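Student: I'd like to ask you about the structure that follows.
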Amino acid sequence: MNTEESRRADLATRLRGLLGGLDAKAGFEARLMQRVATLAVTPHADLRAQFERRRERLRRRLRREAWMNGITILGLGACAVALLWRFAPDIQQIAANPARPLDLNLLVFGTLATVAAGVWLLIRRARG
Amino acid sequence: MSVDDAITQLIQTGRTEEAFERLVPAYRRRVFGLAYSVLRDRGAAEDVAQEVFVKLWQALPRYDGRAQLSTWIYAITRNTAISAVRRRRRLVSMSDPAVFEEVASRGAVSGAMADEAALWRCVEALPDRQRQAVILYYQEDRPVEEIAAMMGLPVNTVKTHLHRARANLALALGGAGEEVA
Numbered sequence: 001m002n003t004e005e006s007r008r009a010d011l012a013t014r015l016r017g018l019l020g021g022l023d024a025k026a027g028f029e030a031r032l033m034q035r036v037a038t039l040a041v042t043p044h045a046d047l048r049a050q051f052e053r054r055r056e057r058l059r060r061r062l063r064r065e066a067w068m069n070g071i072t073i074l075g076l077g078a079c080a081v082a083l084l085w086r087f088a089p090d091i092q093q094i095a096a097n098p099a100r101p102l103d104l105n106l107l108v109f110g111t112l113a114t115v116a117a118g119v120w121l122l123i124r125r126a127r128g
Numbered sequence: 129m130s131v132d133d134a135i136t137q138l139i140q141t142g143r144t145e146e147a148f149e150r151l152v153p154a155y156r157r158r159v160f161g162l163a164y165s166v167l168r169d170r171g172a173a174e175d176v177a178q179e180v181f182v183k184l185w186q187a188l189p190r191y192d193g194r195a196q197l198s199t200w201i202y203a204i205t206r207n208t209a210i211s212a213v214r215r216r217r218r219l220v221s222m223s224d225p226a227v228f229e230e231v232a233s234r235g236a237v238s239g240a241m242a243d244e245a246a247l248w249r250c251v252e253a254l255p256d257r258q259r260q261a262v263i264l265y266y267q268e269d270r271p272v273e274e275i276a277a278m279m280g281l282p283v284n285t286v287k288t289h290l291h292r293a294r295a296n297l298a299l300a301l302g303g304a305g306e307e308v309a
């Protein structure tokens with residue numbers, strides 16, 4: 001057996017020694033059977049009631065989230081409209097002459113609105 | 129008649145409880161090994177294995193035998209393990225205390241324990257597919273075909289992962305430049 005083969009065999013032996021004993025803890029089957037037995041004796045009506053309660057909770061949560069999303073979108077939309085209204089002349093001038101330096105107020109409000117929209121999107125993503 | 133055939137026959141004759149009692153010992157190690165290879169955490173793998181068997185117990189009466197029993201069980205295990213990974217949102221690495229406990233419980237001398245821990249770390253550091261292939265292969269000297277079924281990948285892809293994993297392990301364990309087939 002050359003060196004490479006012996007190294008290969010050694011690695012295989014070590015991996016077998018390391019992973020060969022990989023198994024669930026003792027008593028796994030007893031715990032499982034206990035769990036299954038609990039499920040088996042849960043009356044059908046109880047399971048149905050559990051399911052209904054869970055569905056109702058989910059429905060309420062989704063309704064609440066839909067309201068929150070609606071309010072947030074309305075708020076952001078109102079802010080955007082107000083910004084456009086307030087800075088309409090400046091925006092027109094910028095569109096006509098892009099090289100012109102930006103108005104400080106427009107810059108601050110625009111940045112804040114962008115950051116707010118970004119944070120909202122990030123929060124939504126993290127929750128989803 | 130294979131164990132799978134016997135279990136399938138029991139299910140088809142409506143003896144699902146008996147089928148389940150035969151299925152658990154037959155698949156315990158495979159389900160646990162597959163879950164562990166995905167999760168890299170013994171506690172979580174055990175939870176997933178329990179969850180898988182509960183799902184199987186609930187779904188057994190509906191098993192129609194169209195897919196192979198093992199294929200069906202592996203698919204449920206993979207999906208449950210992947211969902212668990214998503215829930216956890218992080219993978220626990222060698223810091224898993226159970227791994228050290230097991231190494232210590234084998235009563236090896238300190239040098240051998242250090243070697244074993246180093247090998248664990250190398251296995252842990254492998255890319256996901258390579259790690260899974262190595263764990264499933266060496267857990268029970270399974271044929272590559274079965275590992276392919278467990279991982280839901282083609283046989284040749286599994287062979288490639290195993291080959292690369294061995295080469296990476298050999299490199300990581302000090303045989304720089306050496307490739308183990």
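Chains as they are written, first to last, in the numbering used here: chain S, 1 to 128; chain R, 129 to 309.
Idealized CB from N, CA, C, for every residue including glycine.
From a predicted model like this one, the values you see are computed outputs, not experimental measurements.
Please say whether S/Gln93 and S/Arg100 have beta carbons closer to each other than 8 Å?
Tutor: yes
Student: Under 8 Å Cβ to Cβ from S/Asp103, same chain only, skipping five residues before and after it: list those, please.
Tutor: Phe87 and Asp90
Student: Going along chain S, which residues have a C-beta under 8 Å from R/Tyr266?
Tutor: Ala12, Leu15, Arg16, Leu18, Leu19 and Gly20
Student: Going by beta carbon distance, what residues of the same chain come within less than 6 Å of R/Tyr164, once the five residues before and after it are set aside?
Tutor: Ala173
Student: Give the residues of chain S in contact with R/Trp248, contact being defined as C-beta atoms less than 8 Å apart.
Tutor: Result: Leu18.
Student: Using a Cβ-Cβ cut-off of 8 Å, state whether S/Asp90 counts as contacting chain R.
Tutor: no
Student: Out of S/Asn2, S/Leu18, S/Trp67 and S/Phe51, state which residue places its alpha-carbon closest to the alpha-carbon of R/Asp243.
Tutor: S/Leu18
Student: DSSP three-state label for S/Ala24, please.
Tutor: coil
Student: Is any heavy atom in the ligand MN found nearer than 7 Å to the beta carbon of R/Arg215?
Tutor: Annotation note on the ligand MN: not contained in the displayed structure, which lists no ligands.
Student: Three or more beta-carbon pairs under 8 Å between the stretch 250 to 264 of chain R and the stretch 6 to 14 of chain S, yes or no?
Tutor: These segments do not touch.
Student: Please name the residue, chosen from R/Arg194, R/Ile201 and R/Val166, that lies closest to R/Gln186 on a Cα-to-Cα basis.
Tutor: R/Ile201
Student: What number of angstroms, rounded off, separates the C-alpha of R/His289 from the C-alpha of R/Leu264?
Tutor: 12 Å
Student: Run through chain R and tell me which residues come within less than 7 Å of S/Val36, C-beta to C-beta.
Tutor: Below the 7 Å Cβ cutoff, chain R contributes Val182 and Trp185 as neighbours of S/Val36, in chain order.
Student: Going by DSSP, what residue range makes up the alpha helix (DSSP H) through S/Gly17?
Tutor: Thr3 to Leu19
Student: Nearest-angstrom Cα distance between R/Ala212 and R/Ile204?
Tutor: 12 Å
Student: Does S/Leu104 come out as helix, strand or coil in the three-state DSSP assignment?
Tutor: helix
Student: According to DSSP, simplified to helix, strand and coil, what is R/Asp269?
Tutor: Of the three classes helix, strand and coil, the one that applies to R/Asp269 here is coil, per DSSP.
Student: For a test of the three-state rule: what should DSSP assign to R/Gln196, helix, strand or coil?
Tutor: coil
Student: Answer with buried or exposed for R/Asp192, where buried requires no fewer than 16 other C-beta atoms within 10 angstroms of its C-beta.
Tutor: exposed
Student: Starting from R/Arg294, find everything on chain S with Cβ-Cβ shorter than 9 Å and list it in chain order.
Tutor: Arg8, Leu11, Ala12 and Leu15
Student: Can you tell me whether R/Ser130 is helix, strand or coil according to DSSP?
Tutor: Taken through DSSP and simplified to helix, strand or coil, R/Ser130 comes out as coil.
Student: Does the separation of the CB atoms of R/Ala209 and R/Val152 fall below 8 Å?
Tutor: no
Student: In chain R, which residues lie with their C-beta within 9 Å of the C-beta of S/Asp103?
Tutor: Under the 9 Å cutoff, chain R gives no residues; its nearest Cβ is about 43 Å from S/Asp103.
Student: Quick one: what does DSSP say R/Asp169 is sitting in, helix, strand or coil?
Tutor: coil
Student: Just to confirm the assignment, what range does the alpha helix (DSSP H) spanning R/Leu297 have?
Tutor: Val283 to Ala300
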